[in-house]
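Heads up, the thing below is written out as structure tokens.
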Amino acid sequence: MSTTTEASTAATGRQLTMSRAIVEAVAHEMRENPEVFLMGEDVAEYGGIFSSATGLLDQFGPDRVMNVPISETAYIGAAVGAAQAGMRPIAELMFVDFFGVAMDQIYNNMAKNTYMSGGAVSVPMVLTAGVGGGYNDAGQHSQTLYGTFAHLPGMKVVVPSNAYDAKGLMHSAIRSNDPVVYLFHKRLMGLGWMPSPPGPKTAVPEEDYTIPFGKAAVVREGGDATVVTLGIHVQRALDAAEELRSAGAGEVEVIDLRSLVPLDSATVVESVRKTGRLLVVDEDYRSFGVTGEVIARTAEGALDSLRAVRRLALPDVPIPYARPLENEVIPGTADISTALRSLLS
Amino acid sequence: MSEPVELNSADFWPEGAGEDDEAYLANWFVRPGSPVRKGTALCEIQVLKATLDVESPVGGHLEEVLVEEGGTFRKGTILARLRPEG
Numbered sequence: 163m164s165t166t167t168e169a170s171t172a173a174t175g176r177q178l179t180m181s182r183a184i185v186e187a188v189a190h191e192m193r194e195n196p197e198v199f200l201m202g203e204d205v206a207e208y209g210g211i212f213s214s215a216t217g218l219l220d221q222f223g224p225d226r227v228m229n230v231p232i233s234e235t236a237y238i239g240a241a242v243g244a245a246q247a248g249m250r251p252i253a254e255l256m257f258v259d260f261f262g263v264a265m266d267q268i269y270n271n272m273a274k275n276t277y278m279s280g281g282a283v284s285v286p287m288v289l290t291a292g293v294g295g296g297y298n299d300a301g302q303h304s305q306t307l308y309g310t311f312a313h314l315p316g317m318k319v320v321v322p323s324n325a326y327d328a329k330g331l332m333h334s335a336i337r338s339n340d341p342v343v344y345l346f347h348k349r350l351m352g353l354g355w356m357p358s359p360p361g362p363k364t365a366v367p368e369e370d371y372t373i374p375f376g377k378a379a380v381v382r383e384g385g386d387a388t389v390v391t392l393g394i395h396v397q398r399a400l401d402a403a404e405e406l407r408s409a410g411a412g413e414v415e416v417i418d419l420r421s422l423v424p425l426d427s428a429t430v431v432e433s434v435r436k437t438g439r440l441l442v443v444d445e446d447y448r449s450f451g452v453t454g455e456v457i458a459r460t461a462e463g464a465l466d467s468l469r470a471v472r473r474l475a476l477p478d479v480p481i482p483y484a485r486p487l488e489n490e491v492i493p494g495t496a497d498i499s500t501a502l503r504s505l506l507s
Numbered sequence: 410m411s412e413p414v415e416l417n418s419a420d421f422w423p424e425g426a427g428e429d430d431e432a433y434l435a436n437w438f439v440r441p442g443s444p445v446r447k448g449t450a451l452c453e454i455q456v457l458k459a460t461l462d463v464e465s466p467v468g469g470h471l472e473e474v475l476v477e478e479g480g481t482f483r484k485g486t487i488l489a490r491l492r493p494e495g
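Residue numbers (this note's numbering), protein chains in the order written: chain A, 163 to 507; chain B, 410 to 495.
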């Protein structure tokens with residue numbers, strides 16, 4: 163079973179890292195629409211610390227690719243205002259962990275101004291942020307916070323797992339008339355200084371295309387158990403599923419959610435009706451988060467089919483700095499295999 | 410059939426980097442056997458903390474990759490062979 167993106171690799175031959183796929187989508191939208199602009203810390207000359215804006219300053223100049231002072235409050239607030247005035251800003255929050263100082267701008271302004279104005283204004287902006295750990299950056303630079311943004315109403319939340327999806331989701335995000343939070347996992351970007359696993363680099367068409375929000379991808383089919391996940395854990399789930407098949411331990415279906423808001427419950431429920439066994443994996447905190455929500459919706463939609471349920475997420479502690487401790491708390495491929503084996507036994 | 414063209418790291422070795430500096434192959438963007446145009450970004454390398462894209466010197470096909478992703482190399486290492494078109 164290969165994904166559609168893998169299938170198309172052979173046809174084009176060109177493979178992009180996730181960071182280059184994102185930049186290609188942003189550049190296309192900036193060429194097509196003069197209202198699109200980018201601002202964030204170190205996005206201009208430096209091209210974004212996770213290479214999410216490489217080369218854009220040279221193409222579009224400092225009026226449309228702007229470095230900002232270290233005040234998330236100011237520039238995210240400014241992006242909300244620009245969006246309400248008819249522009250299409252992309253504001254990059256360097257590390258998602260820094261959202262705290264701009265929380266009012268994000269969840270009271272960006273997410274709610276359409277509602278608070280009775281629909282008089284819309285806020286067509288994209289808030290991007292690097293997420294995730296696995297490289298020893300400690301508790302204030304390693305979180306994903308998927309559940310935090312997905313919990314607060316008024317914003318769409320998307321999480322690509324590979325270059326093909328990253329480009330299509332970014333086109334959709336910039337064209338959306340409502341605010342979108344676009345969370346890219348640092349370890350998926352394909353950076354030379356932070357090597358990625360092989361999965362996220364995929365064939366990427368040169369032309370523009372969109373991937374709709376709220377449509378999960380079944381990236382591997384199987385009849386014995388369902389793994390629901392997103393971001394970097396898609397590849398780890400695929401690796402674990404392959405390991406189980408090789409061992410004759412079962413055929414595992416893997417679902418990449420791709421967006422949390424809207425959440426494609428229907429695809430998950432349909433899969434669990436077939437397999438009866440559900441494992442949800444993510445890199446956010448365990449309690450009150452993605453894993454609990456997916457399980458709750460599955461229980462609501464397919465209670466009679468559920469025979470076994472497990473979840474893997476970060477224990478409810480700040481992410482440790484020390485490598486062995488961080489490796490212990492972030493779910494790895496072996497953790498997924500172990501959980502699947504217990505689910506199938 | 411045309412003669413293969415070697416992608417020699419000496420041809421794009423940065424001025425500031427010396428003979429003994431080690432470079433790192435961060436990413437290949439083209440798979441062996443795939444068509445390339447002249448100027449297509451073939452791979453991304455790093456040397457002395459600088460990152461640069463290596464562009465195809467010819468149009469044709471990428472025939473063989475000799476330094477894999479994650480590999481290291483020095484000035485003068487052949488990274489790949491290309492088969493020019495026509």
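The beta carbon of each residue, even a glycine, is placed where N, CA and C say it ideally should be.
Fair warning: this is a prediction, and the values are worked out from it, not measured in the lab.
Quick check: the Cα distance between residue i and residue j, rounded to an integer number of angstroms?
i, j, result
"residue 473 of chain B", "residue 433 of chain B", "18 Å"
"residue 345 of chain A", "residue 411 of chain B", "47 Å"
"residue 209 of chain A", "residue 444 of chain A", "28 Å"
"residue 410 of chain A", "residue 347 of chain A", "32 Å"
"residue 163 of chain A", "residue 238 of chain A", "Annotation note: pLDDT 33 at residue 163 of chain A (below 50); position unreliable, coordinate value reported separately. Each residue's alpha carbon lies about 42 Å from the other."
"residue 332 of chain A", "residue 185 of chain A", "9 Å"
"residue 202 of chain A", "residue 369 of chain A", "26 Å"
"residue 478 of chain B", "residue 477 of chain A", "34 Å"
"residue 456 of chain B", "residue 444 of chain B", "27 Å"
"residue 439 of chain B", "residue 358 of chain A", "17 Å"
"residue 480 of chain A", "residue 310 of chain A", "15 Å"
"residue 429 of chain B", "residue 419 of chain B", "12 Å"
"residue 175 of chain A", "residue 449 of chain A", "42 Å"
"residue 372 of chain A", "residue 317 of chain A", "18 Å"
"residue 236 of chain A", "residue 343 of chain A", "18 Å"
"residue 170 of chain A", "residue 405 of chain A", "Note that residue 170 of chain A has pLDDT 42, beneath the 50 cutoff, so the model's placement of it is unreliable and no number is given."
"residue 295 of chain A", "residue 446 of chain A", "10 Å"
"residue 431 of chain A", "residue 464 of chain A", "6 Å"
"residue 205 of chain A", "residue 384 of chain A", "42 Å"
"residue 388 of chain A", "residue 424 of chain A", "20 Å"
"residue 278 of chain A", "residue 284 of chain A", "10 Å"
"residue 421 of chain B", "residue 463 of chain B", "7 Å"
"residue 276 of chain A", "residue 338 of chain A", "14 Å"
"residue 231 of chain A", "residue 351 of chain A", "25 Å"
"residue 441 of chain B", "residue 414 of chain B", "14 Å"
"residue 341 of chain A", "residue 234 of chain A", "17 Å"
"residue 177 of chain A", "residue 329 of chain A", "12 Å"
"residue 452 of chain B", "residue 493 of chain B", "18 Å"
"residue 168 of chain A", "residue 382 of chain A", "For residue 168 of chain A, the predicted model reports a pLDDT of 41, less than 50, meaning its position is unreliable; a value from the coordinates is still stated below. Cα-Cα distance, rounded: 12 Å."
Spell out the partners DSSP gives residue i in its beta bridges.
i, result
"residue 344 of chain A", "A/290, A/320"
"residue 421 of chain A", "A/320"
"residue 453 of chain B", "B/436, B/462"
"residue 487 of chain B", "B/417"
"residue 471 of chain B", "B/491"
"residue 302 of chain A", "Paired residues: none, contrary to the question."
"residue 200 of chain A", "A/227, A/252"
"residue 176 of chain A", "B/439"
"residue 482 of chain B", "B/432"
Check whether the Cβ of residue i sits closer than 8 Å to any heavy atom of the ligand ADP, and report yes or no.
i, result
"residue 427 of chain A", "Summarising the ligand content, the structure contains no ligands, and the ligand ADP is consequently not present."
In terms of alpha-carbon separation, which member of the options lies closest to residue i?
i, options, result
"residue 262 of chain A", "A/244, A/216, A/279, A/291", "A/291"
"residue 449 of chain B", "B/457, B/460, B/437", "B/437"
"residue 225 of chain A", "A/246, A/196, A/243", "A/196"
"residue 435 of chain A", "A/424, A/425, A/462", "A/462"
"residue 392 of chain A", "A/246, A/308, A/407", "A/308"
"residue 502 of chain A", "A/380, A/367, A/402, A/329", "A/402"
"residue 289 of chain A", "A/245, A/177, A/220", "A/245"
"residue 408 of chain A", "A/499, A/251, A/264, A/367", "A/499"
"residue 484 of chain B", "B/414, B/415, B/413, B/427", "B/427"
"residue 356 of chain A", "B/460, B/488, B/482", "B/460"
"residue 215 of chain A", "A/427, A/281, A/252", "A/252"
"residue 423 of chain B", "B/447, B/458, B/492, B/435", "B/458"
* Flag this pair as touching only if the region 369–380 of chain A and the region 420–430 of chain A have three or more C-beta atom pairs under 8 Å; answer yes or no. => yes
* To do: Report yes or no: do three or more beta-carbon pairs, one from the region 359–371 of chain A and one from the region 407–414 of chain A, lie closer than 8 Å?
  => no
* To do: May I ask you to verify whether the region 301–308 of chain A touches the region 251–261 of chain A, counting CB pairs closer than 8 Å and requiring at least 3?
  => yes
* Asked: Does the region 464–472 of chain B come within contact of the region 208–223 of chain A, defined as at least 3 CB pairs closer than 8 Å?
  -> no
* To do: Count the C-beta pairs between the region 459–475 of chain A and the region 426–443 of chain A that are closer than 8 Å, then say yes if the count reaches three, no if not.
  => With a cut-off of 8 Å, the region 426–443 of chain A and the region 459–475 of chain A count as touching, because enough Cβ pairs lie within range.
* Give, in chain order, every unbroken run of the beta strand (DSSP E) that is at least 3 residues long and sits entirely within the region 422–506 of chain A. => Taking only runs of at least 3 residues, the beta strand (DSSP E) segments lying wholly in the region 422–506 of chain A are 439–447, 470–476.
* Asked: For the 8 Å Cβ check, are there 3 or more pairs between the region 446–462 of chain A and the region 268–284 of chain A?
  -> no
* Any chance you could list the beta strand (DSSP E) runs of at least 3 consecutive residues sitting entirely within the region 337–407 of chain A, in chain order? => 342–347, 379–382, 387–391
* What are the complete beta strand (DSSP E) segments, minimum 3 residues, inside the region 242–296 of chain A? -> 250–257, 288–293
* Asked: How do the region 391–399 of chain A and the region 320–340 of chain A stand: do at least 3 beta-carbon pairs fall below 8 Å, yes or no?
  -> yes
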